[in-house]
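Numbering (the numbering used here), first residue to last: 155 to 304. A quick write-up on the structure given underneath.
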């Protein structure tokens, strides 16, 4: 039952951000699906005991693969789907904890949380870049094979 809630709310968060981001109406459902796919992958990995950073990296790869698919299928820029899709993965709660501990002058805890935020954000960015680069390499090889250059 909790998985259903995770799916629903990650979908709503991504689609809702799509509304705020002024994504085209016809893309909102796919924006929500992109975010839900990335989040559920992250969620299953975390529940399985995977490290936070590896789970965020893998979730970002998953949502980027979905974003590439939807952008090609709907003939829309990929940035629409990626921007909406990363919303569930963004470590906002940890960033809040960082600032709360700074205000409370608990600097050691603030440093720990800030480092976790930076690593998670870096893993998300690296996951997006990795998936896009792999897709570009695939497209290049596919084009050369079609032209009989390989």
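The beta carbon of each residue, even a glycine, is placed where N, CA and C say it ideally should be. Values in this document were obtained by computation on a predicted structure and should not be read as measured data.
Mark residue i as exposed unless 16 or more other C-beta atoms lie within 10 angstroms of its C-beta, in which case mark it buried.
| i | result |
| --- | --- |
| residue 292 | exposed |
| residue 262 | exposed |
| residue 184 | buried |
| residue 239 | buried |
| residue 188 | buried |
Of all the CB atoms in chain D, is at least one closer than 8 Å to the CB of residue i?
| i | result |
| --- | --- |
| residue 282 | Of the protein chains in the structure, only one exists, and it is not chain D. |
By DSSP, does residue i sit in helix, in strand, or in coil?
| i | result |
| --- | --- |
| residue 229 | coil |
| residue 287 | helix |
| residue 201 | helix |
| residue 302 | coil |
Within this structure, are the beta carbons of residue i and residue j separated by less than 8 Å?
| i | j | result |
| --- | --- | --- |
| residue 172 | residue 182 | yes |
| residue 186 | residue 169 | yes |
| residue 285 | residue 237 | no |
Please go through the same chain and pick out, in chain order, the residues whose beta-carbon is closer than 8 Å to the beta-carbon of residue i, but skip the five residues on each side of it.
| i | result |
| --- | --- |
| residue 248 | 267, 270, 271 and 274 |
| residue 228 | 180, 181 and 184 |
Enumerate in chain order the residues of its own chain whose CB-to-CB distance from residue i is below 7 Å, with the five nearest sequence positions on each side excluded.
| i | result |
| --- | --- |
| residue 251 | 267 |
Segments assigned alpha helix (DSSP H), at least 4 residues, entirely inside the region 206 to 282: The qualifying runs are 206 to 228, 232 to 239 and 246 to 257.
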